[in-house]
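Numbering (our numbering), first residue to last: 1 to 95.
We treat Cβ as the ideally placed atom computed from N, Cα and C, and that holds for glycine.
I have placed the structure first, in the form of structure tokens, so that the comments after it can refer back to it.
This is how it looks when you write it as structure tokens:
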């Protein structure tokens with residue numbers, strides 16, 4: 001498992017993010033996160049997540065939202081799409 005030290009705060013809500021286990025990627029083109037752990041905001045009151053429901057439907061015609069992520073290994077960050085509030089929670093790494 002990758003060494004993810006410390007806990008970053010989500011820049012959208014300032015809540016601590018949780019370690020999340022990334023599924024291993026085996027794409028031939030090298031796509032993937034380059035780590036097996038990301039930091040993800042699971043705050044259901046995070047403005048990015050709350051606004052994401054309308055944004056996803058208005059822009060893509062799909063029900064869903066996004067959660068902010070940070071790759072502590074290389075500083076890459078962005079939004080991961082989710083289809084419902086419980087999505088991805090099963091892969092949170094408890095400490």
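Asked                                                                                                                                                            : Found
Taking only the alpha-carbon atoms, compute the straight-line gap between residue 77 and residue 69 and give it to the nearest angstrom.                         : 5 Å
Assuming residue 38 contacts residue 22 under a Cβ cut-off of 8 Å, what Cβ separation, rounded to an integer in Å, is found between them?                        : 6 Å
Note down, in chain order, each residue of its chain lying with its Cβ closer than 7 Å to the Cβ of residue 10, except the 5 sequence neighbours on either side. : 17, 41, 43, 46, 68
Does residue 67 come out as helix, strand or coil in the three-state DSSP assignment?                                                                            : strand
Thinking C-alpha only, which one of 19, 12, 13, 34 is nearest residue 74?                                                                                        : 34
Grab me the residues of residue 56's own chain with a C-beta within less than 8 Å of its C-beta, minus the 5 sequence neighbours each way, in chain order.       : 62, 63, 64, 65, 66, 81
To the nearest angstrom, how far is it from the Cα of residue 19 to the Cα of residue 53?                                                                        : 23 Å
If you reduce the DSSP assignment to three classes, tell me which class residue 11 lands in.                                                                     : coil
What does the Cβ neighbour count give for residue 85, buried or exposed, with the cut at 16 atoms within 10 Å?                                                   : exposed
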